[in-house]
Structure formats: C-alpha cells, structure tokens
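Asker: Sequences listed follow chains F and V, in order. So for the first sequence, the numbering used here puts the first residue at 6; every next one is plus one. So for the second sequence, the numbering used here puts the first residue at 6; every next one is plus one. Even glycine gets a Cβ: it sits at the ideal position worked out from N, Cα and C.
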Amino acid sequence: MQAGNLVLLLVALGAVFYFFGWRRSYAVSAPLGGVRHLHSLPGYYASLAAVWCVLPALALLGLWLIIDDAVIRTNLMASLPSSIQPANEVDYNLLLNQIRNVAGGALNPAFVPAEVVAAAEQLVAMQARNQQMMSIAFVSIAVLGGVWGWSRVQPRLRARQQVESVMKWMLMGSATVAILTTLGIVLSVLFESIRFFQKVSPVEFLFGLQWSPQIALRADQVGATGAFGAVPLFAGTLLISFIAMCVAVPVGLMSAIYLAEYAHRNVRAWAKPILEILAGVPTVVYGFFAALTVAPAIRGFGESMGLTVASESALAAGLVMGIMIIPFISSLADDVITAVPRAMRDGSLALGATQSETIKRVVIPAALPGIMGGILLAVSRAIGETMIVVMAAGLAANLTANPLEAVTTITVQIVTLLVGDQEFDSAKTLAAFALGLMLFIVTLGLNVIALKIVKKYREQYE
Amino acid sequence: MSKTTEQVRKSLKARYSSEKRFRAFGITAVAFGLLAVVVLFTDIISKGTSAFVETYIQLEIHWDPEELGIDDPTDPDQINVADYDALIKAALRERFPEVEGRLDRRALYQLVSSGAGFKLRDQLAANLDLLGTTQTQWLLADDDVDIFIKADVEDRQSKRLPEVARPWVEALERDGQTDIQWNASFFSHGDSREPEQAGVWAAVTGSFFTMLVTLALAFPIGVAAAVYLEEFAPKNRFTDFIEVNINNLAAVPSIIFGLLGLAIFINLFGLPRSVPLVGGLVLTLMTLPTIIISARASIKSVPPSIREAALGMGASRMQMVMHHVLPLAMPGMLTGAIIGMAQALGETAPLLMIGMVAFIVDIPGGPLDASTVLPVQIYLWADSPEASFVALTSAAIMVLLAFLITMNTLAVLLRKRLERRW
C-alpha cells in the first residue's frame, strides 16, 4: 500500500482504538460504581489507546521511508553480476539511473544489456516486497500499540497526565519547526556553497568584476569555466535598492508624519488603509506594472529629453519597488511616532515652537532609533525582493551607477540560474546557492541589527 | 518691546512659511501614495477588462461527411479524429470566394482560432444527426482578429492583423458576422500557446491545492507553536532561541525559502518537482512566522483572569488552554491565518525555484499533479510576446486581486464580528 493510504488507514485504526478505549474505561469502572471512580475522564483513556496506536506506527513509517531507498539500492547493487559491476561513483550512478528508468518504464528494455533488464526486474520485485513488508510492519505495530494502550486502561492509570504530556511534547515539536527551518536554510545554502567555492575561489566570487555564468558545451570552448565575479550583481542590487529607498523613505516617512500629526481623524481613517493596500498587492503584479507601464513611460520620457534609456532600466524597477515599500516604512514609522509620549510634544509646543518645529526637533529625534530600524528592515526587504526585478530589471551584469542603464541583481541571477532543468554538479547551478548564502547573510545581519534597535527603542518609552 | 521679542517676531514669517512647506510635503507624500494606488489599479483594470470578452465569427458550416472523412458515424474513433478544420476552411472559402493563392488562403484560414474545431467535434459527438446538414455557427476568432475588432477604428492601423486580412474582417464586421461574447473559456481552460484559448482555471486549481496543503500544515503547527511559547515554555535559552528564529524567519527573503525547498524537499527527500505538495510545504515554512506571531498576540490578549478562574476550578493547564484560552483566541488566530494565506497566495519567487513554472494545460486533479499557481501564471503570461497576453495577464491579475481582496475583507469582518474587547 502507498504511504498516503497507510496514513488514512492509521486514522481509521486510531478511531477504532479510541472507541474501544472508551468502552473499556466504562467497563472497568462499572464494578467500582461508575466513571467517577476512574482517575481520569473516559476521553483520556480513549485518547491514550489511540495515541499508542498512532504514534509508534507513524514513527516506524517515517524511519522506514527514510532508509528503505538506501537499503534497496545497496542490496540491488551488491547482487549485480560482476560483469556489470560499476568501477567508480559516476558509473555507479549512471547504472543505477539506467536500472531505475528501465524499471519505471521510461527506458525501452531493448536498448540495454540483459543484465540491466534482469536487475530492473529485481528492483521492481524488491520494491514490491518492500511495500508489502512496510504495510505489514506498519499495521501490526499500529494494532499491537493500540492493544497495549487499550489493555492498560485501569481505574488507577493516570491517563490525563500521560495524554497531556504527549500533547505538550507535540506543542514543543511544533515550536521547534522554526529552528529546523533556519537550520534547513543554513545547511542547504551552506553545503551547496561550499561545493561552489571548491570550484571557484571565494576571492574571485566576492571581488571579481566579471559575471557570465555560462556553461560550456565543449570542454575546450573559450571561457568554458564561466566567470563568477559577483561584484556587478552586488552593485546592481545596491543601485536598485538605493533608488527604491530614495522613493520610499521620504514618501513613507512624510506620509506617516502627516497622518499621525496633522491629518484629521477621518482623513487618517481613510488614507491609512488605502495606503496599506499597496502592501497587500503581490509582487508579481508590481513586476508587471514596472515592466509594461513604468519602464516604457520612463523610456519615452527619457528619449523625449534626448537621453538613452535602456528598456529594462534600473530606475523603473527601483521606482516601483519604492512604491511597494512605502506602506512598510509608513506603518513602522507611524508606530514609533505615535509611541513618542504626548508630554514631549506638549512641552515643545508650550515653549512656542510651531508644530513642524516640534516634529523636526523633538518627535523625530526621539523616534529616530525606531525609524532607523524600520528603514533597515525595508532595505533588507528591497535587497531580497525578487519578482519586480526579475520582470523589470535586466539580465546583463553591467557594472554601472547610471540608473537609466540595465543592471541585474542577486535575486534575478538566482532565478535565472535555477529555473528549468539543472545539473547539480555544475558551478552554474551551485553559484545560485552561493548567491543565496550572500543574500541570507546580508538580510539576516540587517534584520538582527534592526530588531535590536527597534527593541531597545521600545524599552525606552515603555 | 524687548530685543528677544523683536527677534522672534521677525523670524515668525519664515517659521510659519516653513511650517506650511512641511505640511505641504506631508500632503504631497500622502497624495503620491494614494496616486500610486489609483494608477496601479486603473492601469491593470483598463488593460485587463477586454480579456473577459472575446470575438466570435459567424460562418455557414456544412457538415459534409466526406470533408470530415467519416464513413461510419457510429464509430466514436472516427468522430474523434475527423478533420473538423476542413469544415471551417471550406466555410471560410465559401464566405470569401474571391480569395485565391496559397498565401492568401492561409491568412484566411487563420482568422478562426485553431481551437474552434474542438467545439465542432463536441457538437457532432453530442448530435450525430448534424451530418449532412448546413448550420450557422459562431466560431472563436484568432487573437489577432480579436484585438483588431476590439480596438477603436482609428487605432486599428497599429494592430498585428496581416494587411491582407483586414478587409475580410471589416467585411465580416459590416455584415454583423462578428460578435463579442463573454469569455467563458478564460475561467474553464488551462494555459495555452494561443491567447484566445488560454484560461486561468488550471492555475486557480493549482493555487487551491497549494493553499490547501499550506493551510492544513501551517495553521495547526503555527497555533501549536504559539500555544507552547505563550503558555508552556519555560523562560530559558532554548525558548529565547526559538523566538529569535521566528522573528528572523519572518524577514528572510521569500526566495531563500525556495532554495530550501529545492535543496531539501526535492533533492534530499526526492519529492517530485512542480507539484502543489512541495509548493505548499515551502509556503508553510514561509507563512509560519506570520501565523505564529499573530496567534501569540491573540493568545496574549486573553485576560489572565480567565486562566486563573479555570485553574481555580481545578482544570489542568492543558485543559485551561484547550477549553478556555484557545476558543477565546480563535477569532484572532483565524484572522492572522487568513492574512498569512493571502500572503502565500500572492507569492511567486519560491515557487519558481521548485519548478512550478511548467506549462500546464490540464487541470490538476490533486496535490501530486504537476501544476502552476495563479501568480506564476501571471509571471509566465507577462513574459509572453503576443500582445493579447497583456490583456490576459491583467485579467489574471484582476482574478488574483479579487481573491486577495475577498480574503482580506473576510479577515477584517471576522475581526470586527468575533473579536472581543476585554
């Protein structure tokens, strides 16, 4: 049976043992004079029986699925006749793939040696046997566990404590998913990056000025190794983020100040949600808007002024990214501005300062750490933003500071290198993971600093 | 008057004008933001509305068994493979007998969409009596004709329809043989290379299955994690570490989650590419921090007196949480979950990494079928060179935004209706 069906079966079995646990708890309490003589409510005994049925079986299934592939592979390869035993690792993988393809029907058996066909048949048989054994083991563990749990139902059994401790462990397990995710991210980008840096030196990657990650069709082709100097990508990312910040910081900050300090309550009640719509629009929509509306408009305008503008200019992508980030900055700034105590404003106004002087000399300096934290978070957003730049920025790695030219960014290159079929040994594919590592480190650094600043600031006024 | 008062009075004018300037900056900033919203939406709506209707051409179809190559109408195979395009070509030749020459004829045949034959096939399969009769039919027009017809008369020069075909289309239009009808196929078809036949339904179902996986995983895990952190976790290094992780994950760029999915789920665990299951797993990890953070906030908002009352009546901590805190915090948690889901629904970048960019024609039937999702479909269409795909892309964006607006409205309503103020 398939793993999915087994899980469904397990749910049914769990329900059955819940029912029997329930029945037994009533049965064992009847001679004593009713359920009030049990240690726990009947539901806890029932749950305990179900837990004993479900959890061990699930654990077994998980373990089985992790190791069965490797066991089958080792057994299969060991049983091959010596005439086709592979000599090295590359041959080993090739042969294994061949056998798998024949077994899966993707490769016509007529095209491969008879030994391989035999091995494929053996593989199919082994897989069928494996499935069978797995199903049998799974169901018997589930039933045995259930029966054990059921047989333990006794009036003195502390069922509630046991069920609750299982639940508590499950809650804790859910909380650790966050740690596992971080670990998964770090390990996945780190391992592939290490493999990349074995092929390309980190110095070249970090300081090289040439980025052209083509893979060669022939080994002796000119520039076969490709060039992996990521400086143009870093520069492009920074350029676009800088343009975005030039739009988002003044607009976001000023609108937050206006809405918090000047605007009538009704205006605020309308304008704030409308501005926040911008935060809810998917980035792919911004990408479309940038590529099909803003970029041609900028190009047309630039050309009417006699400037040459690339059709995928950094300006278009940066501008639209800035619009995307406006609500992010304005809502963070709004939080910190409204957190500045009323008394500070009143003090300044009472001394005769105008409202704008109060804002500029008192409120903003007081809110500055929080605002800086917000801006740093926004920068990290801009650096990691993908769809806008994929759709509106270029692919060519130009090292330029001219916003009218096309530049490319880290995220664009990750997408270009990884979309489509890949081979996991080429430096080209691995380069995407090295770029991902850089992106992760930079955004993580920015976030940690920003969160620290924001937290410190909050403590100041609370 | 003292010297200071004099000085202050002199500076007043400058100070007041600076005040005015500052205020004007503020108004400009707010106006810029609002303008961006308006421009964005009008741009998309003005580009997209035309894709909700499409052009049909009226032709006299003569159901000629010979032309179709059917000699035995009872044989379903023959009905299936019959040459329906020949019927359409014959009808076009009949309508425009003056068209001669191979190249012109080919241009003529291209007036009608290449998918129109399937409509005829379905009709014939449903009603075999049609064979040998003549019938007026509305057939789907090609996208070039569609754009030409929809355009204003003065704009038509710039459209892509071949020069030679323009008088024919204009003749059809004059005789009332063109019609603009509701584009039903947009909501029932998958992707297609032909813009007039492409639809969002495959992407919508793909999104649905992806969201289903995400919701089924992210909501229980997120709530459980929030409950643990708020109600059970001891104050120690481990708990702090979890919190730091959650806060940082909330700000990790989404594309990094795509790299994680590619390296762990696909390469390490060997799960298939392009399936909603893997997409859902990746989006789960991505939305978990959002859900955990909002769930914690709503658990925090349940007053301690409720907890104390439950504990005082003899409930265990777990009973207190399950019977009292969770039900009271549920509306807030649901609101957070809906907002997290809306975020996940609009996400594109991580799904590109795990291969959900495939060209999907068939409607996926479950979370293990290769599929694409709505935002990725938008990305794919936005990259297509044909002009008609611009309208389709905008229309797909409108569909996506409609879903997002519905979800967010739902969240707001839920918060208003159910959230309790203590």
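Who are the neighbours of V/Glu24 on chain F, taking C-beta pairs under 8 Å?
Answerer: Under the 8 Å cutoff, chain F gives Thr359, Gln360, Ser361, Glu362.
Asker: Between the segment 373–404 of chain V and chain F, which residues of the former have a C-beta closer than 7 Å to a C-beta of the latter?
Answerer: Pro380, Ile383, Tyr384, Ala387, Val395, Thr398, Ile402
Asker: For V/Asp76, which residues from the same chain have a beta carbon less than 8 Å from its beta carbon, with the 5 sequence-adjacent residues on both sides left out?
Answerer: Closer than 8 Å at Cβ, skipping near neighbours: Pro70, Gln83.
Asker: Quick one: list the residues of chain F neighbouring V/Arg20, beta-carbon separation under 8 Å, in chain order.
Answerer: Listed along chain F, the residues sitting closer than 8 Å to V/Arg20 by beta-carbon distance are Thr359, Glu362.
Asker: Determine, for F/Glu308, whether the minimum Cβ-Cβ distance to residues of chain V falls below 8 Å.
Answerer: no
Asker: Is there a Cβ of chain V sitting closer than 8 Å to that of F/Arg165, yes or no?
Answerer: yes
Asker: State the beta-bridge partners of F/Trp216 as determined by DSSP.
Answerer: F/Phe233
Asker: By Cβ distance, which residues of its chain are closer than 7 Å to F/Lys433, with the 5 residues on each side in sequence left out?
Answerer: Pro218, Ile220, Gly231, Leu422
Asker: Check each candidate in F/Leu162, F/Leu37, F/Asp96, F/Ile303 and name the one with the smallest Cα separation from F/Gly26.
Answerer: Answer by Cα proximity: F/Leu162.
Asker: Could you check what DSSP says for V/Leu264 in three-state terms: helix, strand or coil?
Answerer: helix
Asker: Give me whichever residues DSSP pairs with F/Val420 in a beta bridge.
Answerer: In DSSP, F/Val420 forms no bridge with anything.
Asker: According to the neighbour-count rule (16 or more other Cβ atoms, all chains shown, within 10 Å of its Cβ), is V/Asp88 buried or exposed?
Answerer: Exposed is the label assigned to V/Asp88, since fewer than 16 other Cβ atoms lie within 10 Å of its Cβ.
Asker: Can you give, in chain order, each stretch of the beta strand (DSSP E) that sits fully within the segment 65–107 of chain F and has at least 3 residues?
Answerer: List check, beta strand (DSSP E) in window: nothing returned.
Asker: Anything in chain F within Cβ reach of V/Ser321, meaning under 7 Å, just list it in chain order.
Answerer: Contacts between V/Ser321 and chain F, judged by CB atoms closer than 7 Å, involve Arg165, Glu169 in chain order.
Asker: List in chain order: all unbroken beta strand (DSSP E) runs of 3+ residues lying wholly within the segment 244–268 of chain F.
Answerer: none
Asker: So which of F/Phe24, F/Pro86, F/Leu11 has the shortest CA-CA distance to F/Leu65?
Answerer: Minimum Cα distance to F/Leu65 is reached at F/Leu11.
Asker: Entirely within the segment 312–381 of chain F and at least 3 residues each: give me those beta strand (DSSP E) ranges in chain order.
Answerer: DSSP runs (the beta strand (DSSP E)) wholly in the segment 312–381 of chain F: none.
Asker: Do F/Thr414 and F/Leu195 have their beta-carbon atoms positioned less than 8 Å apart in this structure?
Answerer: no
Asker: Nearest to V/Leu17 by alpha carbon, out of F/Leu442, F/Gln418, F/Gly375, F/Ala358?
Answerer: F/Ala358
Asker: Could you give the distance in angstroms between the alpha-carbon of F/Ile245 and the alpha-carbon of V/Asn253?
Answerer: 23 Å
Asker: Between which residues of its own chain and F/Ala406 is the CB-CB distance below 8 Å, once the five residues before and five after are set aside?
Answerer: Ala240, Leu244
Asker: Ignoring anything shorter than 3 residues or poking outside the segment 309–392 of chain V, list the beta strand (DSSP E) runs there in chain order.
Answerer: none
Asker: Please tell me whether V/Pro258 and F/Thr448 are closer than 8 Å, where the distance is taken between their beta carbons.
Answerer: Contact check for V/Pro258 against F/Thr448 passes: the beta carbons are separated by less than 8 Å.
Asker: Indicate whether at least one CB of chain V lies closer than 8 Å to the CB of F/Glu94.
Answerer: no
Asker: Assuming V/Pro281 contacts V/Phe214 (C-beta within less than 8 Å), just tell me the rounded distance between them.
Answerer: 4 Å
Asker: Runs of 4 residues minimum, wholly inside the segment 191–273 of chain V: which ones carry the alpha helix (DSSP H) assignment?
Answerer: 206–232, 242–254, 259–265
Asker: Identify the contact partners of V/Met358 in chain A, using a Cβ-Cβ distance below 7 Å as the criterion.
Answerer: No chain A appears in the structure shown, which is made up of the protein chains F and V.
Asker: List, in chain order, every chain V residue whose beta-carbon is nearer than 9 Å to that of F/Asn452.
Answerer: Asn252, Asn253, Ala255, Ala256, Val257
Asker: V/Leu385 to V/Ala392, Cα distance in whole Å?
Answerer: Approximately 14 Å between the Cα atoms of the pair.
Asker: Less than 8 Å separating the beta-carbons of F/Met259 and F/Thr288?
Answerer: no
Asker: In this structure, how does DSSP classify V/Glu105 when only helix, strand and coil are distinguished?
Answerer: coil
Asker: Need the endpoints of the alpha helix (DSSP H) that V/Val58 sits in, please.
Answerer: First-last for V/Val58: 58–67, but that is the beta strand (DSSP E), not the alpha helix (DSSP H).
Asker: I need the DSSP call for V/Gln162, collapsed to helix, strand or coil.
Answerer: Looking at V/Gln162 - three-state DSSP - the assignment turns out to be helix.
Asker: Starting from V/Ile185, trace the beta strand (DSSP E) both ways and give me its first and last residue.
Answerer: Element bounds for V/Ile185: 183–187.
Asker: Mind checking if F/Pro255 is an interface residue toward chain V, Cβ cutoff 8 Å exclusive?
Answerer: It does; some Cβ of chain V falls within 8 Å.
Asker: Helix, strand or coil for V/Thr79? Go by DSSP, reduced to three states.
Answerer: coil
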